[in-house]
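Structure record follows, encoded as structure tokens.
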Amino acid sequence: MLSSRTKHILHCLLLLTVITVFEWCSGGVKLGDQINDLDPWERYGYVGCVVLYLLRLLAFLSLPQVMFNFIGLTIYNAFPDKVTLKGSPLLAPFLCIRIVTRGDYPQLVRDNVARNMAKCTDAGLENFIVEVVTDKSVGLSTHRRIREVIVPPLYRPKSGALFKARALQYCLEEGPNYLADTDWIVHLDEETLLTENSVRGILNFVLDGKHQFGQGLITYANEDVVNWVTTLADSFRVADDMGKLRLQFYMFHRPLFSMKGSYVVTQGWLTALAASGGVAGDLAIFNSRHHRSNTTRSIPATSSHSGDAGNK
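The sequence shown runs -27 to -1, 1 to 285 under mature numbering (1 follows the signal peptide of the UniProt record, and there is no 0).
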């Protein structure tokens, strides 16, 4: 059985091999007789040559993200070992696992709520609740650790937030909100499934207390695939998570490029602050201008999506 370090070294070697072969086959790297002395200024003229060079320079716009992805995929272990708890779950602060949905797939929501609650219990988590925020009732069973919040159709937040941000804002209003500023919220989509490793990672993150904002890795196609095309398209986001996003959170503690809207862990006060971003918050609910230095970090654990984009 290969160790995680060996797997990561093989992964890096494969990545370098793929890049080298692609560069050679595409003509990016030319050796020996392949080198030619074509003068582009003479061949295409000054106007044509300038246009062609400008078009080629456009490729450099993605260079920062490409570099972050490459560095993140190589300097951080892509095959981490099983997460070990660094403290007792009994000492963990209160956790609210908040799932946001439109309520179009009630059976999916009910199944995933049951599975997520079971994973939390198996990981030893005691002080938690699973909360579903929905536009339409999904018929959740009555349980002391399950709460269903239905957003009124006529509700209009003062910030003018829409869609998912509107639902999250409703949870922060004086009536529906029951959380203290020191409580933690784990934001999930309706199709996101927790794993025992992700629960342990969240516990370690909140027990550590160094950061008030975290984001974890989400993997796809872990169960029955509904649509292979959308599944493969979603799988690209895993590499983005493991490269660019992990590097920006681990090294800079800031969302320099982007972040996901699911598997986001925040403290109550920070959530209330970020959700006040107004209409602009609909596209990025937690606006980067609200983040302070040294408050954001990647959570070293993985959650998964049930099925793929076909479930949405």
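Glycine is no exception: its CB is placed at the ideal position from the N, C-alpha and C atoms.
For this session: Take every Cβ of the region 202 to 211, pair it with every Cβ of the region 117 to 132, and state whether three or more of those distances are shorter than 8 Å.
Result: no
Exercise. If you draw a straight line from the C-alpha of V73 to the C-alpha of H160, how long is it?
Worked result: As a working note, residue 73 is residue 100 in the sequence shown. As a working note, residue 160 is residue 187 in the sequence shown. Taking the straight line joining both Cα atoms gives about 8 Å.
Exercise. Tell me which same chain residues have a C-beta within less than 7 Å of the C-beta of A51, skipping the five on either side of it?
Worked result: Position 78 of the sequence shown, counted from the first residue, corresponds to residue 51. Apart from the 5 residues on each side of it in sequence, A51 sits with its Cβ closer than 7 Å to the Cβ of H(-20), H(-17) and M215 in its chain, given in chain order.
For this session: Have a look at V179, M224 and E104 and flag the residue whose alpha-carbon is nearest the alpha-carbon of N85.
Result: Here residue 85 refers to the residue found at position 112 when the sequence shown is read from its first residue. The candidate whose alpha carbon is nearest that of N85 is E104.
For this session: Could you tell me how far apart the beta carbons of residue 304 and F101 are, in whole angstroms, since I believe they sit closer than 8 Å?
Result: Limits of the chain in this structure are -27 at one end and 285 at the other, which puts residue 304 out of reach.
Exercise. Taking only runs of the beta strand (DSSP E) that begin and end inside the region 130 to 157, which ones reach a length of at least 3 residues, in chain order?
Worked result: none
For this session: Specify, as a first and last residue, the run of the beta strand (DSSP E) that E15 falls within.
Result: Sequence index remark: in the sequence shown, residue 15 carries index 42 (1-based). Premise fails: E15 lies in the alpha helix (DSSP H), P13 to L30, not in any beta strand (DSSP E).
For this session: With DSSP as the reference, label E121 as helix, strand or coil.
Result: On the sequence shown, residue 121 is found 148 positions in, with the first residue counted as 1. If DSSP states are grouped into helix, strand and coil, E121 belongs with the strands.
Exercise. What are the start and end residues of each continuous alpha helix (DSSP H) run of 4 or more residues lying completely inside the region 192 to 220, in chain order?
Worked result: The qualifying runs are 201 to 213.
For this session: In angstroms with no decimal places, state the Cα-to-Cα distance between A65 and F33.
Result: As a first step, residue 65 is located in the sequence shown; it is residue number 92 there, counting from the start. As a first step, residue 33 is located in the sequence shown; it is residue number 60 there, counting from the start. Approximately 46 Å between the Cα atoms of the pair.
Exercise. In this structure, does DSSP put S261 in helix, strand or coil?
Worked result: By one-based count along the sequence shown, residue 261 stands at place 288. The pLDDT assigned to S261 is 29, lower than 50, so where the model puts this residue is not dependable; a value taken from the coordinates is nonetheless given after this. Note: S261 maps to helix in three-state DSSP.
Problem set entry | F101 - containing beta strand (DSSP E), residue span | Here residue 101 corresponds to residue number 128 of the sequence shown, with the count starting at 1. Segment F101 to T107, the beta strand (DSSP E) holding F101.
Problem set entry | For Q38, the first and last residue of its enclosing alpha helix (DSSP H) | Numbered from 1 along the sequence shown, position 65 holds the residue referred to as residue 38. Element bounds for Q38: L36 to I48.
Problem set entry | V172 and L98 closer than 9 Å at C-beta | Locating residue 172 in the sequence shown gives position 199, where the first residue counts as 1. Locating residue 98 in the sequence shown gives position 125, where the first residue counts as 1. In contact: V172 and L98 (Cβ atoms closer than 9 Å).
Exercise. Taking the continuous alpha helix (DSSP H) assigned at R83, which residues delimit it?
Worked result: Taking the sequence shown and counting its residues from 1, the one referred to as residue 83 is at position 110. Per DSSP, R83 belongs to the alpha helix (DSSP H) from P79 to D95.
Problem set entry | Bridge partners - I(-19), DSSP secondary structure assignment | By one-based count along the sequence shown, residue -19 stands at place 9. DSSP, once it has assigned bridges, lists no residue as partnering I(-19).
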